[in-house]
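Residue numbers (UniProt numbering): 1 to 630.
Just so you know, even glycine gets a beta-carbon here, dropped at the ideal spot from N, CA and C.
It should be emphasised that the depicted structure is a prediction, and the values quoted were computed from it without experimental measurement.
Since the structure comes first, as structure tokens, the remarks are kept for the end.
Following this line, the structure appears as structure tokens:
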């Protein structure tokens, strides 16, 4: 199934492609706060985990019991004070002391029990979200990943995953109890005392809520800007550290320092503005609460002086007000926490809802590749709509053949390899393996049958054994056995080097494998490909970055593992592909020549000219080397 790119559009730094129905994949619309809360709810209420839902419900029950117990101490204090101030003389307040003691003891115990129960729910929610994001990121297109900013992505994932659980925890255990206490206290004051108490308390709370919500909404843009600048300065640091070697090559330490300093200044300025807006919020909240407390206490004192209420009633009213306004003082904090968590959740959901460009068709079969017969039929492709890179490319690699793709930089040589792996969908035409259209089979089965030795072999910051054993992951989830890793290393002629290392196969390769030389990394890549045991091998300029001596040694290993396999070679150095069965020459995205090395030299056109240029360059390098020796 060919997919037209002509109706694509650019968004967020890379091109959006149409889906299989020709409809352009549009970015998702921003979610409302209610939708964000619903997403957070789904993380703590997993549909397929009854045990976790039970823990959640039990946590809510404990929350309710705890808040009811919090209302007991003010009533107990009233009983105590009334007993001690009886006109007939003080009485020992047995019932009051008992209620006060039991409630004060049980309330914190139940709160901590609730925290213990909910901790599992929260941790599980974070795990589910993190796994979902990782799975989605792994399924996003090559196009997305080459345009992403790794530091910002990781920052969003780190904050967003924990924020899913934080939203519900703050809402349920901090904000919701405040609402419950407001309702309970207002009801008690209205039922037992002058209705003015309930009116003052209620309107104080309403004004406080409205002010907090409106001011927090005003603060939104400052918080969003702060988050953006936070991501930016972390991205600056990440870029500088990941490209440490390049920075050193160009003496650019001061430049990177200045870039980081600018990002930090922007973050600092955004942080100051955010803090100023927070202070405005806090001042207004304190004024509202203070006025409400003073009015309520004035009414209580007035009724005591008129002998309408007892001193015990005054104490109970005071305690209820303190019980109410103390957590209310943190309402702004809770609301801000929820709001910030929702911002982080929204940032993460943008990643989760990033459209998956390359999808398997429904009920797509697995690729059965026993021979490895590759066919490109009239393939057209462009990274940007209207700017084709490849135009009507047609060729085949027969079982056991080696076919090389050559041409100047930027003509689409490496793009052919990416299309074979189906990192992108072709604009038109078909790519077939053993007669099966690769767009109609599962991506997993397709990539399982192709091995690659890339130009830039990036290794995991793990052991040599792990990096070689990674080749088996395409066939099974379990780790490769030690003897399998060693056999692959021997076939790639790197076993002896590994055994001379202090930790042998447990030697850590370093970030991106930079503790090893280019030749050593290439041999590990070869061993990894051998362990994968693919039907098809792809050499993507596998030796172009190596010196001549290392190249010759690596080339021998490449030829050995190519035996009996179909091989597609993307080459820059023509000396490495003279023995290929067929050499395809690309120019301006089209095939202009193809044939064996000898036949292409005879026709004396594009390939022959490239060959002469490289031979002259090689002779010049040899002459310069001889001059240095003398």
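{"Check": "Rounded to the nearest angstrom, what separates residue 612 and residue 376 at their Cα positions?", "Outcome": "29 Å"}
{"Check": "Any Cβ of chain D within less than 9 Å of the Cβ of residue 402?", "Outcome": "No chain D is present in this structure, which holds just one protein chain."}
{"Check": "Would you identify the three-state DSSP class for residue 539, choosing helix, strand or coil?", "Outcome": "strand"}
{"Check": "Please report the straight-line C-alpha distance between residue 471 and residue 610, rounded to a whole angstrom.", "Outcome": "35 Å"}
{"Check": "Do residue 464 and residue 522 count as a contact pair if the criterion is CB distance below 9 Å?", "Outcome": "no"}
{"Check": "With three or more beta-carbon pairs closer than 8 Å as the criterion, would you say the stretch 353 to 372 touches the stretch 209 to 228?", "Outcome": "no"}
{"Check": "Just the Cα atoms here: how many angstroms apart are residue 395 and residue 386?", "Outcome": "24 Å"}
{"Check": "Exposed or buried, which one is residue 431 when buried takes at least 16 other CB atoms within 10 Å?", "Outcome": "buried"}
{"Check": "Specify the secondary structure class of residue 241 as computed by DSSP and reduced to three states.", "Outcome": "helix"}
{"Check": "For the alpha helix (DSSP H) that residue 269 lies in, which residues bound it at each end?", "Outcome": "253 to 305"}
{"Check": "Here's a check: name, in chain order, each residue in its chain whose Cβ is nearer than 6 Å to the Cβ of residue 80, leaving out the five neighbours to either side.", "Outcome": "93, 96"}
{"Check": "Taking the alpha carbon of residue 560 as the point to measure from, which residue in 587, 130, 114, 529 has its own alpha carbon closest?", "Outcome": "529"}
{"Check": "Sort out for me which residues DSSP pairs residue 397 with in a bridge.", "Outcome": "374"}
{"Check": "Checking 9 Å against the spacing of the C-beta atoms, do residue 301 and residue 320 come in under that value?", "Outcome": "no"}
{"Check": "Would you check if the stretch 484 to 499 and the stretch 417 to 424 touch, i.e. whether three or more CB-CB distances between them fall below 8 Å?", "Outcome": "no"}
{"Check": "By DSSP's criteria, residue 595 is part of a beta bridge. Which residues make up the other side?", "Outcome": "583"}
{"Check": "Going by the CB atoms, is the gap between residue 74 and residue 323 shorter than 9 Å?", "Outcome": "yes"}
{"Check": "Based on the DSSP output, what are the partners of residue 380 in its beta bridges?", "Outcome": "428"}
{"Check": "Could you compute how far the alpha carbon of residue 114 sits from the alpha carbon of residue 58?", "Outcome": "8 Å"}
{"Check": "Between the stretch 336 to 355 and the stretch 125 to 139, do three or more beta carbon pairs fall short of 8 Å?", "Outcome": "yes"}
{"Check": "Just the Cα atoms here: how many angstroms apart are residue 428 and residue 419?", "Outcome": "12 Å"}
{"Check": "Flag this pair as yes or no: are the beta carbons of residue 219 and residue 118 separated by less than 9 Å?", "Outcome": "no"}
{"Check": "Could you check if residue 566 is buried or exposed, using at least 16 other CB atoms within 10 Å of its CB as the buried criterion?", "Outcome": "buried"}
{"Check": "Please check the pair residue 167 and residue 446, which I expect to be a contact at CB under 8 Å, by giving their CB distance rounded to whole angstroms.", "Outcome": "Wrong, their Cβ atoms sit about 40 Å apart, outside the cutoff."}
{"Check": "Could you pull out every residue in the same chain whose Cβ sits closer than 6 Å to the Cβ of residue 22, ignoring the five residues on either side in sequence?", "Outcome": "Only weak support exists for where residue 22 lies, its pLDDT of 39 falling under 50; the value from the coordinates is given anyway. For residue 22, where only same-chain residues beyond five positions count, there are no Cβ hits under 6 Å."}
{"Check": "For residue 485, does the three-state DSSP call read helix, strand or coil?", "Outcome": "helix"}
{"Check": "Measure the CB-CB distance between residue 338 and residue 538 and report whether it falls below 9 Å.", "Outcome": "no"}
{"Check": "Would you grab the beta carbon distance between residue 411 and residue 589 for me? Rounded to a whole angstrom, and I think it's under 8 Å.", "Outcome": "6 Å"}
{"Check": "Taking only the alpha-carbon atoms, compute the straight-line gap between residue 614 and residue 450 and give it to the nearest angstrom.", "Outcome": "30 Å"}
{"Check": "Would you decide whether residue 534 is buried or exposed? Buried here means 16 or more other CB atoms lie within 10 Å of its CB.", "Outcome": "buried"}
{"Check": "Give the straight-line distance between the Cα atoms of residue 284 and residue 466, rounded to the nearest whole angstrom.", "Outcome": "59 Å"}
{"Check": "Going by C-alpha to C-alpha distance, which of 442, 328, 393, 556 sits closest to residue 180?", "Outcome": "328"}
{"Check": "Rounded to whole angstroms, what's the CA-CA distance from residue 455 to residue 405? Just pull it up for me.", "Outcome": "14 Å"}
{"Check": "On the premise that residue 365 lies in contact with residue 441, defined as a C-beta separation below 8 Å, what is that separation, rounded to the nearest angstrom?", "Outcome": "6 Å"}
{"Check": "Which term fits residue 384, buried or exposed, when burial requires 16 or more other beta carbons within 10 angstroms of its beta carbon?", "Outcome": "exposed"}
{"Check": "Do you know offhand how far residue 495's Cα is from residue 453's?", "Outcome": "18 Å"}
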